[in-house]
Amino acid sequence: MAILKKIADVIEKVSEKAGRLFCYVALLMMVVTTAEALARYVFNHPLPWTWILNRQLFGLFILFAGVFTMQRRDHIRIEIVYDYLPPRIKAVARGIALVSAFSFLGVLAWQSSWMGLNSFKMKELWQGASRFPLYPLKMLIPVVTFWFLLQAIISLSRDEA
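Counting from 1, position 69 in the sequence shown corresponds to residue 85 in our numbering; the numbering is continuous, with no gaps.
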């Protein structure tokens, strides 16, 4: 049991550090958007790669924000109801949340795994003028989703009744 606690602690630490690191992706997206606005409206020379880059950055941001939010136990729940429930009902609610998270994240990890592998095999590129590689992000989705699943199990099992 002590080994499982240490593994859970490591997962939580990595989730927190990754979340704190990837929050700066939002700042990077603002810089890219500002560069596009300047190029388009000041220099009359739009940058075709900014929209694609921002979309990939937003994908990364969302993936890691979900894990970070789960680690901090800040996902939405209806506290006006949940806080007044007896401990046994709270445990049932956490069980339902865990089954729901496991179902959704499990299917997402499974489906995104084959999608990422296919994308990697064909070295998929973004269609259009800017030919950014798309497969690195598609391969990262199942990895972060699996991490999210581990974090959900840890968070929901550590919640107090």
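Built from N, CA and C at the ideal position, the CB exists for glycine as well.
Is the beta carbon of F38 closer than 9 angstroms to that of L69? As a position in the sequence shown, residue 69 is number 53, starting the count at 1. As a position in the sequence shown, residue 38 is number 22, starting the count at 1. Cβ atoms of L69 and F38: not closer than 9 angstroms.
DSSP has L141 in a bridge; who is on the other side? Translated into positions along the sequence shown, residue 141 becomes position 125. Partner(s): P149.
In or out: F84 buried (at least 16 other Cβ within 10 Å) or exposed? Along the sequence shown, one-based indexing puts residue 84 at 68. The C-beta of F84 has 16 or more other C-beta atoms within 10 Å across all chains shown, which makes the residue buried.
From E28 to G82, what distance separates their C-alpha atoms? Stepping through the sequence shown from its first residue, residue 28 is reached at position 12. Stepping through the sequence shown from its first residue, residue 82 is reached at position 66. In this structure, the alpha-carbon of E28 lies about 13 angstroms from that of G82.
Collapsed DSSP secondary structure at N60 in the structure displayed: Position 44 of the sequence shown holds residue 60. In the structure shown, N60 sits in coil (DSSP, three-state: anything other than H, G, I, E or B).
Limits of the unbroken alpha helix (DSSP H) element including M45: As a first step, residue 45 is located in the sequence shown; it is residue number 29 there, counting from the start. It spans 40-53 - the alpha helix (DSSP H) in which M45 sits, taken as one unbroken run.
Just the C-alpha distance for K137 and K154, rounded to the nearest angstrom, thanks. For the purposes of this step, residue 137 is identified with residue 121 of the sequence shown, where counting begins at 1. For the purposes of this step, residue 154 is identified with residue 138 of the sequence shown, where counting begins at 1. For K137 and K154, the distance between alpha carbons rounds to 12 angstroms.
Give the range of the alpha helix (DSSP H) segment to which M86 is assigned. Taking the sequence shown and counting its residues from 1, one reaches residue 86 at position 70. Judged by DSSP secondary structure, M86 falls within the alpha helix (DSSP H) whose first and last residues are 65-87.
Residue burial classification, W130 (beta-carbon count within 10 angstroms, cutoff 16): Taking the sequence shown and counting its residues from 1, the one referred to as residue 130 is at position 114. Its Cβ having fewer than 16 others within 10 Å, W130 is exposed.
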